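Peer 1: The structure that follows is given in the form of structure tokens.
Residue numbers (the numbering used here): 4 to 117.
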């Protein structure tokens with residue numbers, strides 16, 4: 004059961020979350036490729052952020068998880084997702100996406116990652 008974090012999230016925080024989400028595949032690749040590297044502290048920080056993002060994603064409802072995964076991790080266009088993947092009207096899609104980004108912001112801010 005997810006406890007809702009009652010944390011005020013500002014637009015700047017959301018922007019940072021978007022940047023973090025967009026960077027996720029690169030961060031994960033850096034961790035995977037550099038596991039053998041002796042600079043474990045940097046890899047541990049990246050790995051921690053990746054794990055926090057994965058856990059935050061798991062807390063989202065299906066629609067939000069699908070939207071954020073495709074938008075940020077798979078770099079798909081919004082129009083493709085709402086027309087062909089979720090098959091929902093744009094206004095409903097926008098609500099799902101906004102809610103998912105807000106939830107991710109709250110979770111990651113509560114985890115002190117942004």
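Every residue gets a Cβ at the ideal spot worked out from N, C-alpha and C, and that includes glycine.
Predicted, not measured: the structure shown is a model, and the values here were computed from it.
Which of helix, strand or coil does DSSP assign to residue 12?
Peer 2: Residue numbering aside, residue 12 sits at position 9 when the chain shown is read from its first letter. Three-state DSSP puts residue 12 in coil, outside helix and strand.
Peer 1: Give the single residue among 101, 34 and 88 whose Cα lies nearest to the Cα of residue 63.
Peer 2: Walking along the chain shown from the start, residue 63 turns up at place 60. Residue nearest to residue 63 within the set 101, 34 and 88 is 101 (criterion: CA-CA distance).
Peer 1: With H, G and I counted as helix, E and B as strand and the rest as coil, what does DSSP make of residue 79?
Peer 2: The count along the chain shown starts at 1 and reaches residue 79 at position 76. Three-state DSSP puts residue 79 in coil, outside helix and strand.
Peer 1: Going by DSSP in three states, residue 111 sits in which element: helix, strand or coil?
Peer 2: Locating residue 111 in the chain shown gives position 108, counting from the first residue. Three-state result, residue 111: helix.
Peer 1: Going straight from the alpha carbon of residue 5 to that of residue 17, what length do you get?
Peer 2: Indexing the chain shown from 1 puts residue 5 at position 2. Indexing the chain shown from 1 puts residue 17 at position 14. Confidence at residue 5 is low in this model, with a pLDDT of 47, below 50, so the placement of that residue is unreliable and no value is reported for it.
Peer 1: Mind reading off the beta-carbon distance from residue 56 to residue 24? Whole number of angstroms is fine, and I expect it under 8 angstroms.
Peer 2: The sequence position of residue 56 within the chain shown is 53, counting from 1. The sequence position of residue 24 within the chain shown is 21, counting from 1. About 7 angstroms; that satisfies the 8 angstroms criterion.
Peer 1: Which stretch, first to last residue, makes up the alpha helix (DSSP H) that contains residue 68?
Peer 2: The residue labelled residue 68 in the question sits at position 65 within the chain shown. Its alpha helix (DSSP H) spans residues 65-71.
Peer 1: For a test of the three-state rule: what should DSSP assign to residue 21, helix, strand or coil?
Peer 2: For the purposes of this step, residue 21 is taken as residue 18 along the chain shown, with counting starting at 1. Three-state DSSP puts residue 21 in a helix.
Peer 1: Give me the Cα-Cα distance between residue 110 and residue 26, rounded to the nearest whole angstrom.
Peer 2: Here residue 110 refers to the residue found at position 107 when the chain shown is read from its first residue. Here residue 26 refers to the residue found at position 23 when the chain shown is read from its first residue. Rounded to whole angstroms, residue 110 to residue 26 spans 17 angstroms at the Cα level.
Peer 1: Less than 9 angstroms between the C-beta atoms of residue 68 and residue 103, yes or no?
Peer 2: Residue numbering aside, residue 68 sits at position 65 when the chain shown is read from its first letter. Residue numbering aside, residue 103 sits at position 100 when the chain shown is read from its first letter. Yes, these two residues count as a Cβ contact at 9 angstroms.
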